[in-house]
Structures are given as structure tokens and as C-alpha cells.
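Structure, as C-alpha cells:
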Amino acid sequence: MKKLLLSIFFSVIVNTLYSQNESKLRLDYNTFTFYDRATETWSEWTKGNNTFITNCNDNGDICHITPNGKSLMYKKLSAFEVKYLADGAKYRVCIAVNENGDDIIIQIFDNIGLGIIITSKSQKSQFSYEE
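Quick note: to get the working numbering, add 2 to the position in the sequence shown (first position is 1).
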């Protein structure tokens, strides 16, 4: 039991240090869409510049600057995990809290065309880059 607790403790410390040492990453997207849970359909893509900055503070949180210049903060609750879709598309995923206090899932894809998907209980949004 002692070894298990010690192992968990070191795992938490390493994850904390890792997330604090990650460098900032700026991600710019110029289109977005919203998922309507009632109709189970995505809206048309809308033009609008959205910027995301990962590790924007010592907590490793994510800053989202909307098309109207408003800055939203997503407070990370977990470290990023690397995952893959069935077609091999690589992404990182973490759990965070938005400014309303809702838990959200943030998926950041390596493919800028897939972009970022943010999912909460009430909505789902995708941000992408279109040339």
C-alpha cells in the first residue's frame, strides 16, 4: 500500500512539473462551427478569428481569444494525453473548467484543418483553419 501511494505521489509530481515546463503554443483558427444536440447536426462554418494559447500561465491553463477580442480562460484539471482517431489522426486531450464552472473536454488536433473541439454538457464547438 505504501509503494502504491508513493507511486501515485511521484506520478502527480511529475505530471505537475511536466505541465508547468511545457512552452506556450499559439494556435490560430479562422472558422468555427457549433453542434446542435437537439437536431444532432453541425451549423454551417462561420468565418471568425479565434486564437488559443496553451500553457498561458504557471497553471498551464488555456486562453481563448474570440473574434470580438474577448479573452476566455479554460483552467486545466488534467494533463494533456495523446490519442488517435480510428483514421490515425493524432490529437491531445485534457479536461478543463470554463468560466461558467462547467467541465469541458478540449481536443487539440495536429491537423490544423481538424483544429480544436471543445465539448461541454450543453454545447460542442469546433475551430478550424481554412486556407
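We put the CB at the ideal spot given by N, CA and C, even for glycine.
Sorry if obvious, but does the Cβ on residue i come closer than 7 Å to a heavy atom of the ligand SAH?
i	result
residue 76	By its list of ligands, the structure shown contains no ligand whatsoever, and the ligand SAH lies outside what it can speak to.
What separation, rounded to the nearest whole angstrom, lies between the Cα atoms of residue i and residue j?
i	j	result
residue 39	residue 84	27 Å
residue 86	residue 118	14 Å
residue 46	residue 129	12 Å
residue 75	residue 25	17 Å
Kindly give me the distance between the Cβ atoms of residue i and residue j, rounded to whole angstroms, as I take these residues to be in contact under 8 Å.
i	j	result
residue 106	residue 95	That pair is no contact at about 11 Å.
residue 35	residue 43	About 10 Å; that fails the 8 Å criterion.
Please list the terminal residues of the continuous beta strand (DSSP E) segment that includes residue i.
i	result
residue 97	92-99
residue 65	64-67
residue 127	126-130
Taking only three categories from DSSP, how would you classify residue i?
i	result
residue 44	strand
residue 109	strand
residue 39	coil
residue 89	coil
residue 79	coil
residue 4	With a pLDDT of 42 at residue 4, under the threshold of 50, the predicted position of this residue should be treated as unreliable, and no value is reported.
Are residue i and residue j closer than 8 Å when you measure CB to CB?
i	j	result
residue 97	residue 122	no
residue 115	residue 93	no
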